[in-house]
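Q: Take this structure first; my questions come after.
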Amino acid sequence: MEEKEQQLDDILTSFRCINHNFQQLLWKDAEELQITSTQLMVLRKLAMHPDIGITELADLLHLGNSAASGVVDRMVKAGLITRQRSQSDRRIFNLAVTDKGQEIRERSKQSMRKHLQPLSDIPREDVKELLRLHGEIVKILVQGRDKK
Numbered sequence: 023m024e025e026k027e028q029q030l031d032d033i034l035t036s037f038r039c040i041n042h043n044f045q046q047l048l049w050k051d052a053e054e055l056q057i058t059s060t061q062l063m064v065l066r067k068l069a070m071h072p073d074i075g076i077t078e079l080a081d082l083l084h085l086g087n088s089a090a091s092g093v094v095d096r097m098v099k100a101g102l103i104t105r106q107r108s109q110s111d112r113r114i115f116n117l118a119v120t121d122k123g124q125e126i127r128e129r130s131k132q133s134m135r136k137h138l139q140p141l142s143d144i145p146r147e148d149v150k151e152l153l154r155l156h157g158e159i160v161k162i163l164v165q166g167r168d169k170k
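The numbering used here puts the last residue of the sequence shown at 170; the count rises by one with no breaks.
Below, the structure written as structure tokens:
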């Protein structure tokens with residue numbers, strides 16, 4: 023394999039490995055909380071974007087409306103979130119996290135902090151360089167995406 027091709031392969035493999043391990047951590051965290059990783063992501067998104075509808079949630083999760091609706095239905099039944107009719111448009115239902123959902127979200131945040139705490143031991147200069155390189159990679163990926 024040519025050196026440039028090997029470098030590209032090494033970069034892609036590194037990101038796949040990080041993504042895989044992060045997803046495994048998220049899955050384990052969700053399993054311990056007795057919910058799915060998708061439901062955990064819904065709680066996180068609703069904490070950051072309160073009172074959004076299913077369409078907006080689906081966009082944030084990169085899911086179709088039908089899939090998001092199914093997840094929301096199960097979470098409403100489990101008492102993790104509620105659907106509330108919009109005051110401005112009675113046809114629209116906004117989603118809100120219940121106290122039970124908030125409790126699970128808080129437990130998840132504490133667990134993730136504990137798991138990810140060792141990242142704070144990476145020297146600040148290394149983190150700055152890592153973030154700079156990530157920014158360059160994102161810029162290259164966006165340029166490639168926008169060319170299509």
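Glycine included, every Cβ here is placed at the ideal spot set by N, Cα and C.
Distance, Cα to Cα, H137 vs H42?
A: 15 Å
Q: Could you work out which residue in C39, F37, F115 and E53 is closest to I74 when comparing CA atoms only?
A: F115
Q: With distances taken Cα to Cα, identify the nearest neighbour of M97 among S110, G123 and D111.
A: G123
Q: With a threshold of 16 other CB atoms inside 10 Å of the CB of I103, please say whether the residue is buried or exposed.
A: Using a 10 angstroms sphere on the CB of I103, the tally of other CB atoms reaches 16 or more, which defines it as buried.
Q: To which residues of the same chain is T58 closer than 7 Å at the C-beta, ignoring the five residues directly before and after it?
A: A52
Q: Please name the residue in L34, L85 and L48 whose C-alpha comes closest to that of K131.
A: L48
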